[in-house]
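Asker:
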Amino acid sequence: MDRVRVFTAAQIRTMDPGRPTASAVAVADGRIVSVGSLESMDPWLRRVDHDIDDTYAQQVLMPGLIDPHTHLRMSGTYMGLEYVGPIPCQGPAGVVQGLDDRDAALARLSELVAASDDPSRPIITWGYDPGTQAGHLDRDMLDQISDTVPIWVLSYAPHIVYTNTPMIELIGVTEDTVAHGLGRYPDGRLNGWFIETGAVGMATAPVRADVYRPGFGIEALERQGKVAVRNGITTTADMIWGFDSFEGEWDDHQQVIDGGGFPLRVLLVPFDSRLVRKFGDDRLEFLRTMSERSTDRLAAHGVKFVNDGSYPSMTLKLNFPGYLDGEEGLTGEVPWNEMVEAMWPYWDAGVQIHSHANGDETVDMTLDTLAALQLRKPRFDHRFTIEHYCISRVDQCRRLAALGAMASVNPYFVHYRSLLHSDSGFGPDRAEATARLGSLERAGAMFTLHSDYNLVVGPMAPLTAAWVAVNRLAADGETVMAPGERISVDRALRAITTDAAHVLRRDHEVGSLEVGKLADFVVLGDDPYEVDPAGLHRVPVVGTVLGGEPHEADG
Ligand SMILES: [Zn+2]
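Just so you know, the sequence shown maps onto residues 0 to 554 in numbering that gives the first Met the number 0.
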């Protein structure tokens, strides 16, 4: 250790419960040498040359925030397109404001058509959200914008492409085409919808070269890096590694890291069904090889299973009495009765399992599966994690804790969508009790908060996630959804720092400011422990520090 850099701050919240506050943190070689005060670290400062850095003397430092479930490369790709969605979003040239409703989205599409200088070139857009922008788009509506220029609109959660007649012709579909996922009007005519993976792929073929330009993955990650700094995030896990290409995705991450300036540590969590398809019986060997290549900047981690649909698209699996209007929901690629065998090789090898379950029926199946795995080979500290955990019961929270499992919860829906789904999809009881964090806490379960950015409509903003968890204020700004499921500010801040690190098995490296850990901080304009909890989401993020290197939030 040649030289130490000492950051001073108005306040440092270490998230180390034994030594919760400090006023200085000393860093060398990207790691923390000491946390305390200039006086307390004097034994180090007398022995090692040092610089005192007062840049953050008026600010508050905390451990860099962790979003343990994102899809940055995949969704950052769409973020390069023209945006017609409901909330502000990072675009190629900066933040683009949201459009309130369908009329505003149609008006934006008209502008884009008017500005186009080549009528044969499709207008390619993304971000439309039928849930919050007052209903779906369709072919007739888009034909009114233009019946000559092809229009292509990808929904925010990329489950639907909306098209007009010229675009349908470009895709090559006719009224006689028989294919899964083609939407039709009640009279049987094509309505311009292409729904779910297969049909979305079909609709994307003619615009593929524009959506997936050379270097699109790099551009996507660089764009997302800016969003991460602006929201104080220094570590994330991409939960669908291999969806596109194991090598391509790894290489893109490695390239932006090698280029310098990329402000994130990334864990890539491979998607089981792609692992099985690509590597078959060699998949554990592949994971071992990638573990050996892993560094503290880019690492292979665990395995991911997807076992039902999504909350905003109302495709999760619900127990009795089911959906208000009788929908059934979707399961994933692995049949539920084969789940124990599908998870067994990973369980047996000690690979951490992240299992997506949004609805209570899926949570039951997941806990049954974990119980069967435990019976076959009991394990401690396995950190089996249920991802999303949107709709659950109190007894499931207790059983989850009893089985040693953890929950990585998406809390944003409580604010953004739970009122909406009270009378659409899930009904009042399940909508109100979305994201049962209070029950998880009372059950003694470990949990973290995530965004799933950018595959569901919401920001990647851990302080907003914490604000939702603490206040549970619905979108109307008045209704408190299931007040007994609120948690304290301290617990919520742990859930985006040290507890998130634990869920990702990185708590020896990140998540709190302790001697020996990586020097990752978020720089805040206020102390989240001191502000009114109703304003937690408004605590300004000034920037981040990753391994001792500052990154400034832009705008
Ligand atoms: Zn996800």
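Built from N, CA and C at the ideal position, the CB exists for glycine as well.
List the residues that DSSP assigns as beta-bridge partners of Ala-561.
Answerer: For the chain, the structure presents residues 0 to 554; residue 561 sits outside this window and is missing.
Asker: Since Tyr-77 is in the beta strand (DSSP E), which residue starts that stretch and which ends it?
Answerer: Within the sequence shown, the letter at position 78 stands for residue 77. That residue, Tyr-77, is in no beta strand (DSSP E); its alpha helix (DSSP H) goes 71 to 77.
Asker: Does ligand 1 have a heavy atom nearer than 7 Å to the CB of Asp-451?
Answerer: Here the question's residue 451 lines up with position 452 in the sequence shown. It does: the Cβ of Asp-451 is within 7 Å (strictly closer) of some heavy atom of ligand 1.
Asker: Shorter than 7 Å, the distance from the beta carbon of Met-238 to the closest heavy atom of ligand 1, or not?
Answerer: On the sequence shown, position 239 is the one that residue 238 refers to. Within the cutoff, so yes.
Asker: Using a Cβ-Cβ cut-off of 6 Å (strictly less than) and excluding sequence neighbours within five positions of Leu-37, which residues of its own chain qualify?
Answerer: By one-based count along the sequence shown, residue 37 stands at place 38. Only Ala-23 meet the Cβ criterion.
Asker: If Asp-519 and Val-530 are in contact, beta carbons under 8 Å, what's the gap, nearest whole angstrom?
Answerer: Here residue 519 is taken as the residue at index 520 of the sequence shown, counted from 1. Here residue 530 is taken as the residue at index 531 of the sequence shown, counted from 1. Not a contact, Cβ separation roughly 22 Å.
Asker: Using a threshold of 7 Å, is the CB atom of His-158 nearer than that to any non-hydrogen atom of ligand 1?
Answerer: Against the sequence shown, residue 158 aligns to sequence position 159. Outside the cutoff, so no.
Asker: For Leu-374, count neighbouring Cβ atoms within 10 angstroms of its own Cβ and tell me buried if that reaches 16, exposed if not.
Answerer: Here the question's residue 374 lines up with position 375 in the sequence shown. Exposed.
Asker: Tell me, which residues are paired with Val-408 by DSSP?
Answerer: Translated into positions along the sequence shown, residue 408 becomes position 409. Its beta-bridge partners are His-387, Leu-448.
Asker: Give a yes or no on contact between the region 226 to 245 and the region 264 to 278, applying the rule of three or more CB pairs nearer than 8 Å.
Answerer: yes
Asker: Report the three-state DSSP secondary structure of His-252 (helix, strand or coil).
Answerer: The count along the sequence shown starts at 1 and reaches residue 252 at position 253. Correct three-state label for His-252: helix.
Asker: Nearest-angstrom Cα distance between Val-643 and Val-467?
Answerer: Look at the range of the chain in this structure, 0 to 554, and you will see that residue 643 is not part of it.
Asker: DSSP on Asp-313, reduced to helix/strand/coil?
Answerer: Residue mapping note: residue 313 aligns to position 314 of the sequence shown, counting from 1. The residue asked about is misnamed: residue 313 is Met in this sequence, not Asp. Note: Met-313 maps to coil in three-state DSSP.
Asker: How would you label Gly-328, buried or exposed, when you count the other beta carbons within 10 angstroms and need 16 or more for buried?
Answerer: Numbered from its first residue, the sequence shown carries residue 328 at position 329. The residue is buried, with at least 16 neighbouring Cβ atoms inside 10 Å.
Asker: When burial is assigned at 16 or more other CB atoms within 10 Å of the CB, is His-420 buried or exposed?
Answerer: Taking the sequence shown and counting its residues from 1, the one referred to as residue 420 is at position 421. Classification of His-420: buried, given that the 10 Å Cβ count is 16 or more.
Asker: Which residues bound the beta strand (DSSP E) around Asp-237?
Answerer: Counting from 1 along the sequence shown, the entry for residue 237 is found at position 238. Here the beta strand (DSSP E) through Asp-237 covers 232 to 240.
Asker: So the beta strand (DSSP E) Pro-62 belongs to, where does it begin and stop?
Answerer: Here the question's residue 62 lines up with position 63 in the sequence shown. Pro-62 -> beta strand (DSSP E) spans 59 to 62.
Asker: Determine the contact status of Ile-495 and Leu-60, defining contact as a CB-CB distance below 8 Å.
Answerer: Indexing the sequence shown from 1 puts residue 495 at position 496. Indexing the sequence shown from 1 puts residue 60 at position 61. Their beta carbons are not under 8 Å apart, which means Ile-495 does not touch Leu-60 by this criterion.
Asker: Considering only DSSP beta bridges, list what Ala-356 is partnered with.
Answerer: The residue labelled residue 356 in the question sits at position 357 within the sequence shown. Its beta-bridge partners are His-387.
Asker: For Tyr-223, which of helix, strand or coil comes out of DSSP?
Answerer: Taking the sequence shown and counting its residues from 1, one reaches residue 223 at position 224. The residue asked about is misnamed: residue 223 is Gln in this sequence, not Tyr. Assigned with DSSP and collapsed to three states, Gln-223 falls in helix.
Asker: Locate the alpha helix (DSSP H) running through Ala-432, then write down its first and last residues.
Answerer: One-based indexing of the sequence shown puts residue 432 at position 433. Unbroken run through Ala-432: none, as it is neither H nor E.
Asker: Out of curiosity, what's the CA-to-CA distance linking Glu-513 and Ser-33?
Answerer: Within the sequence shown, numbered from 1, the residue matching residue 513 stands at position 514. Within the sequence shown, numbered from 1, the residue matching residue 33 stands at position 34. Each residue's Cα considered, the two are about 7 Å apart.
Asker: Cα-Cα, which of Phe-285, Pro-311, Gly-308, Ser-309 is closest to Gly-301?
Answerer: As a first step, residue 301 is located in the sequence shown; it is residue number 302 there, counting from the start. Answer by Cα proximity: Phe-285.
Asker: Report the rounded CA-to-CA distance for Thr-384 versus Leu-369, giving the unit in angstroms.
Answerer: Sequence index remark: in the sequence shown, residue 384 carries index 385 (1-based). Sequence index remark: in the sequence shown, residue 369 carries index 370 (1-based). Each residue's Cα considered, the two are about 10 Å apart.
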